[in-house]
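What follows is one structure encoded as structure tokens, with my remarks underneath.
2 protein chains.
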Amino acid sequence: MSDTKNISGNGKHKDSPSGDGGIDRRLIKVSAPATVANLVCGFDILGMALNDPQDVMEVRLLDEPVIRIKHADDYDLPVEPEKNVAGAALIALQEACQKKIGFDVVINKCIKPGSGLGSSAASSAGAVVAANHLLGNIFSKEDLVRFAMNGEKVASGVKHADNLAPCIFGGIILIRAILPLDIIPLSAPPLFVTVVHPQIEVKTSDARQILRKEVQLKSAIMQWGNIAGLVTGFLKNDYDLIGRSLEDVIIEPVRSILIPGFDEVKMNSKEAGALGGGISGSGPSIFMLSKEEQTARKVEAIMKNVFQKIGVEFKTYVTSINQTGVKIVDEK
Amino acid sequence: MSDTKNISGNGKHKDSPSGDGGIDRRLIKVSAPATVANLVCGFDILGMALNDPQDVMEVRLLDEPVIRIKHADDYDLPVEPEKNVAGAALIALQEACQKKIGFDVVINKCIKPGSGLGSSAASSAGAVVAANHLLGNIFSKEDLVRFAMNGEKVASGVKHADNLAPCIFGGIILIRAILPLDIIPLSAPPLFVTVVHPQIEVKTSDARQILRKEVQLKSAIMQWGNIAGLVTGFLKNDYDLIGRSLEDVIIEPVRSILIPGFDEVKMNSKEAGALGGGISGSGPSIFMLSKEEQTARKVEAIMKNVFQKIGVEFKTYVTSINQTGVKIVDEK
Chain S
1 MSDTKNISGN GKHKDSPSGD GGIDRRLIKV SAPATVANLV CGFDILGMAL NDPQDVMEVR
61 LLDEPVIRIK HADDYDLPVE PEKNVAGAAL IALQEACQKK IGFDVVINKC IKPGSGLGSS
121 AASSAGAVVA ANHLLGNIFS KEDLVRFAMN GEKVASGVKH ADNLAPCIFG GIILIRAILP
181 LDIIPLSAPP LFVTVVHPQI EVKTSDARQI LRKEVQLKSA IMQWGNIAGL VTGFLKNDYD
241 LIGRSLEDVI IEPVRSILIP GFDEVKMNSK EAGALGGGIS GSGPSIFMLS KEEQTARKVE
301 AIMKNVFQKI GVEFKTYVTS INQTGVKIVD EK
Chain E
1001 MSDTKNISGN GKHKDSPSGD GGIDRRLIKV SAPATVANLV CGFDILGMAL NDPQDVMEVR
1061 LLDEPVIRIK HADDYDLPVE PEKNVAGAAL IALQEACQKK IGFDVVINKC IKPGSGLGSS
1121 AASSAGAVVA ANHLLGNIFS KEDLVRFAMN GEKVASGVKH ADNLAPCIFG GIILIRAILP
1181 LDIIPLSAPP LFVTVVHPQI EVKTSDARQI LRKEVQLKSA IMQWGNIAGL VTGFLKNDYD
1241 LIGRSLEDVI IEPVRSILIP GFDEVKMNSK EAGALGGGIS GSGPSIFMLS KEEQTARKVE
1301 AIMKNVFQKI GVEFKTYVTS INQTGVKIVD EK
């Protein structure tokens, strides 16, 4: 390791806590939250961060232009920087930085890859937020989303931001547009989120491929009515309106076919008092929103029951909206 | 006229100001505002009421089941109740009322039919609000929109509510869904509205027919990003976001072809500082939103200039959002 060598000496990193001309030698530990993209009717434009699960990553700044990635988990993900989502994100940041810097990264994933809970986004987002912190926060959060989108491209072939933006900003985020990127944080009333992750594989690229390239105008009108309703429900703290608007007439009817138990989970959860919910991202995880924690726990029992009956392994979470996004949890 | 006979006597109209068992014998005069449907990206789900122009109508309750319509203007509109938009709306109200009642209606239209400024909605809405007032406000505003939608069906063949809801409620309205009807009033910051009505004919039915029945999913995603952005901009009083979101990639590119001068008006208005705008309803009127009255006046000058150059007759309005909807202006 050569992470103690001072490469800059030009004072540009004067904000760095190391105070030695730029290179912050500390090992920084960050947590990066799981995220639910789409939020039912907001395909590609809405996302929400969760308090549980979260990835943990350790990042150290280097004064040589290398990116070294290690995994402290058993997911056997690639470590070559350009094939690794965190690596691809850091390469973009490195290029924007125009300095001879590098990173040592250790990733401990608690968000299972392929869960539909923004696992790749957590890695990319965690890496760039940590890197930016070590560089003295020279980049804006929007910049970090832009860098991290290169990680999403490695993961799914598409530069989307509906997991990344909530992962970095926290809360519920509207991504009005990608080009140019327009990120709008939305306030929302307290919500409990129940998630079930059935241990089946749905590849994001497959889930994208089965979608029709054209949609009926009348369906699109229903969809944008619901999106406008959902956003209004969030901003006005109107739980009923949130519930009425959680309807997807375009994506869910196609994608839910890939998820056994989906219809039963959704119907029974709503009967138990959940506001509504649907597929998390491209699945296979399913999420439901509830006003009360008690309802969210009932929904968890329903989810467990459905997947036990089907005989599919699963994991559940009862959690709430994460308001901070990627967080520095330790520095040494 | 037999409007002095008491038909009910069953006390159900006890709220009626006449106090004689039900029939309110007064002649009531209402004003019904023009409306801008769609608001660029919110096709079929958003609408806004304007302070100018407004229709004026006089309505009297009768104790016989007839609807008599007269016009105090020169538009030569049908007077047979079932072919007249106000008549069709009143027939629906009459049926829901299940009483032997009728109405004398005199309509003085200041909103030119076929302008794209909700002329038919103003007639339908004005009639049912006036009738409801005379009946002691026994129906909710949602009920009135439902009755008035029968008028819209007469006018354009489609039961839509994006002019009616703002005409009756005032302000900016989201119509999340038609079946069942879900009307959501949205707050918004003060806005000035400049409107130009070029005196050319664009039939709503034709403007609907030229639209493709299918749209690209990627265009639909851009559209619902903009709708979510626009609604958020209104609710958060964010003028910049309103401006960025006033973009329609689906309807405007097709319909604007029917309106000479459209592109020039839009481009020059935005260059002069307008937040944005587009086709009002199905056209041919064009509206632009501005933060400042001064900008709205500049936009008016631009509109005048463009249509004078083209040699098309036109009328302009510089106005603001009407917050009250249909209003009782006189009772005798």
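Residue numbers (the numbering used here), protein chains in the order written: chain S, 1 to 332; chain E, 1001 to 1332. For every residue, glycine included, the Cβ atom is placed at its ideal position computed from N, Cα and C. Treat the numbers as computed from the prediction; the structure is a model and nothing was measured.
Residue-chain proximity (residue i, chain E), Cβ-Cβ < 8 Å
| i | result |
| --- | --- |
| N122/S | Per the sequence shown, the amino acid found at residue 122/S is Ala instead of Asn. Closer than 8 Å: no. |
| L289/S | no |
| L241/S | yes |
| A37/S | no |
| R212/S | yes |
| D248/S | no |
| F43/S | yes |
| A228/S | yes |
Where the beta strand (DSSP E) containing residue i begins and where it ends
| i | result |
| --- | --- |
| H197/S | F192 to P198 |
| Y75/S | Premise fails: Y75/S is in no beta strand (DSSP E) and is neither H nor E. |
| I28/S | L27 to A37 |
| P1216/E | The question names Pro, yet the displayed sequence has Gln at residue 1216/E. Run containing Q1216/E: E1214 to Q1216, per the beta strand (DSSP E) assignment. |
| G1261/E | No beta strand (DSSP E) holds G1261/E; DSSP gives it neither H nor E. |
| N1108/E | G1102 to N1108 |
| V329/S | K327 to E331 |
| A990/E | Residue 990/E lies beyond the range of chain E shown here (1001 to 1332); nothing can be said about it. |
| P166/S | First-last for P166/S: L164 to F169, but that is the alpha helix (DSSP H), not the beta strand (DSSP E). |
Cβ distance (whole Å) where residue i is taken to contact residue j below 8 Å
| i | j | result |
| --- | --- | --- |
| A125/S | C167/S | 4 Å |
| I1227/E | I227/S | 6 Å |
| D1055/E | A1032/E | 5 Å |
| I1184/E | P1284/E | No, I1184/E and P1284/E are not in contact; Cβ-Cβ is about 29 Å, not under 8 Å. |
| R1212/E | S1282/E | In fact, because the Cβ distance is near 15 Å, the residues do not count as touching under 8 Å. |
| A89/S | F147/S | 5 Å |
| I1286/E | R1255/E | 11 Å between Cβ atoms; not a contact. |
Range covered by the alpha helix (DSSP H) that runs through residue i
| i | result |
| --- | --- |
| D44/S | Segment: none, D44/S is in no alpha helix (DSSP H) and carries neither H nor E. |
| V249/S | No alpha helix (DSSP H) holds V249/S; DSSP gives it neither H nor E. |
| K315/S | It is not in any alpha helix (DSSP H) - K315/S instead sits in the beta strand (DSSP E) that spans F314 to S320. |
| F307/S | E293 to I310 |
| F1287/E | Premise fails: F1287/E lies in the beta strand (DSSP E), I1286 to S1290, not in any alpha helix (DSSP H). |
Nearest-angstrom Cα separation, counted from residue j out to residue i
| i | j | result |
| --- | --- | --- |
| I1328/E | I1178/E | 27 Å |
| Q1323/E | K1141/E | 15 Å |
| A188/S | L39/S | 13 Å |
| H1013/E | M1057/E | Low confidence applies here, because H1013/E scores a pLDDT of 38, under 50, leaving its location unreliable and the question unanswered by this model. |
| V1306/E | G1276/E | 17 Å |
| I1091/E | K1099/E | 12 Å |
| L144/S | I310/S | 41 Å |
| K29/S | N132/S | 13 Å |
| A1274/E | K1291/E | 7 Å |
| N6/S | G116/S | With a pLDDT of only 33 at N6/S, under the threshold of 50, the placement of this residue in the model should not be trusted; the figure read from the coordinates follows. Taking the straight line joining both Cα atoms gives about 41 Å. |
| T1035/E | R60/S | 59 Å |
| S1269/E | D263/S | 49 Å |
| A1272/E | F1043/E | 26 Å |
| K1304/E | Q1294/E | 16 Å |
| D330/S | L27/S | 8 Å |
| S1358/E | R1176/E | Only positions 1001 to 1332 of chain E appear in this structure, which leaves residue 1358/E out of reach. |
| V312/S | V196/S | 11 Å |
| D3/S | R68/S | Residue placement at D3/S is poorly supported in this model, since its pLDDT is 35, which falls under 50; the coordinates are not used for a value here. |
Proximity test, Cβ basis, 8 Å: residue i and chain S
| i | result |
| --- | --- |
| E1142/E | no |
| V1215/E | yes |
| S1245/E | yes |
| T1232/E | yes |
| G1283/E | no |
| F1307/E | no |
| F1139/E | no |
| L1174/E | yes |
| G1225/E | yes |
| A1177/E | yes |
Residue i versus the options, residue with shortest Cα-Cα distance
| i | options | result |
| --- | --- | --- |
| V1318/E | A1072/E, A1296/E and G1170/E | A1296/E |
| F1192/E | I1184/E, R1025/E, D1052/E and A1037/E | D1052/E |
| V1154/E | I1183/E, I1138/E, A1121/E and R1176/E | A1121/E |
| A266/S | M288/S, V249/S and V326/S | Here the sequence assigns Lys to residue 266/S, which means Ala is not the residue at that position. Looking at the Cα atoms, M288/S is the closest of the given residues. |
| L1258/E | P1198/E, L1050/E and A1165/E | P1198/E |
| G1157/E | N1137/E, I1107/E and K1203/E | K1203/E |
| D76/S | P113/S, Q308/S and I250/S | P113/S |
| V326/S | P65/S, S123/S and V79/S | S123/S |
| R1025/E | P1190/E, G1102/E, I1111/E and N1237/E | G1102/E |
| I1242/E | P1190/E, N1108/E and N1163/E | P1190/E |
| G136/S | C97/S, V299/S and I107/S | C97/S |
Amino acids of chain B, ordered along the chain, whose beta-carbon sits closer than 8 Å to that of residue i
| i | result |
| --- | --- |
| L186/S | Reference to chain B is not applicable here, since the protein chains of this structure are S and E. |
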